[in-house]
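*Asks:* Numbering (our numbering), first residue to last: 6 to 154.
What follows is a structure written as C-alpha cells; I'll ask about it next.
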Amino acid sequence: LEKFSRFITWPDECAMDDASKPFVIGVMGKTPLYKNLEQIYAIQKINNKKVEIRKITDLYQIKDVHVLFIAESEKRNLQNILTLTEQLPVLTISETTDFAKKGVIINFYEEGNKLRFEINETAALKSPLQLSFYLLNSAKIVNPIKANK
C-alpha cells in the first residue's frame, strides 16, 4: 500500500502535506489483513504520515479514510460502498475476483504464483484521485476508458 501511495495524488483537502494528520487505511469486512496492517504500520509511515488502521463497520465511516480495503465478505454490500466512494478521495482496494470489474479501483490477484494487480481505469478516472501513468502502465487494465466512449 505504501508503494501505491507514491503513485497517487490525493486532492488538497486530504491534507497529505500535513504530517500531524494520520494516513488512514480502512478495512471493511472479514479478513486477516486487518491484523497484518496493524503490525506493519505500527512502525512504518506512508507519505511521512503516521498510519492509522480502522475497522469500518458503518458506510459513513468511509469518508474519513484515504484507502479502503474491501473484503470478499462485503460482496453483497459492494455496490452501496462503491456508490458512496466514487466521488470521495478514497482509494478502493480488494483481492476478490471481479471486484475491479464492478468498480473497485485496484484489485490484487495471483497469476503464476505472483501477486499482480488490476486497475479499473473508468473508476480511477471518475475518482477525485489522480493515478500516475506509471501505475496504470504496470497494471492489467479492467474496464478501460476507451470502451466506455
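A virtual CB, placed ideally from N, CA and C, is assigned to each residue, including glycine.
Just so you know, these numbers come straight off a predicted model, no measurement behind them.
With which residues is MET33 paired in a DSSP beta bridge?
*Replies:* DSSP lists ILE61 and ILE75 as partners of MET33.
*Asks:* Taking 8 Å as the cut-off, decide whether the C-beta atoms of PHE12 and LEU140 are in contact.
*Replies:* It is a contact, given that the beta carbons lie within the stated cut-off.
*Asks:* Roughly how many angstroms lie between the CA atoms of ALA76 and MET33, to the nearest whole one?
*Replies:* One C-alpha to the other measures close to 6 Å.
*Asks:* Mapping the DSSP letters down to three states, classify THR14 as helix, strand or coil.
*Replies:* Correct three-state label for THR14: strand.
*Asks:* Short of 8 Å in beta carbon distance, which residues of its chain neighbour GLU115, apart from the five on each side in sequence? Order them along the chain.
*Replies:* Once the five neighbours on either side are set aside, the close Cβ partners of GLU115 are ARG121.
*Asks:* Does any residue of chain D bring its CB to less than 8 Å from the CB of LYS80?
*Replies:* The displayed structure is made up of one protein chain only, and chain D is not part of it.
*Asks:* Please go through the same chain and pick out, in chain order, the residues whose beta-carbon is closer than 7 Å to the beta-carbon of LYS68, but skip the five residues on each side of it.
*Replies:* For LYS68, where only same-chain residues beyond five positions count, the Cβ hits under 7 Å are LEU93.
*Asks:* How many angstroms separate the CA atom of SER99 from the CA atom of LEU136?
*Replies:* Each residue's alpha carbon lies about 17 Å from the other.
*Asks:* Please check the pair PRO149 and PRO16, which I expect to be a contact at CB under 8 Å, by giving their CB distance rounded to whole angstroms.
*Replies:* Actually they are not in contact, since the Cβ atoms of PRO149 and PRO16 sit about 24 Å apart, beyond 8 Å.
*Asks:* Applying the 10 Å Cβ sphere with the 16-neighbour rule, what's the burial state of THR102?
*Replies:* Classification of THR102: exposed, given that the 10 Å Cβ count is below 16.
*Asks:* According to DSSP, simplified to helix, strand and coil, what is ASN85?
*Replies:* The answer is helix: DSSP assigns ASN85 an H, G or I state.
*Asks:* DSSP three-state call for SER143: helix, strand or coil?
*Replies:* Reduced to three states, the DSSP call for SER143 is helix.
*Asks:* Our contact map puts GLU7 next to ILE51 with C-beta atoms below 8 Å; I'd like the distance itself, whole angstroms only.
*Replies:* About 5 Å separates the two Cβ atoms, so the contact holds.
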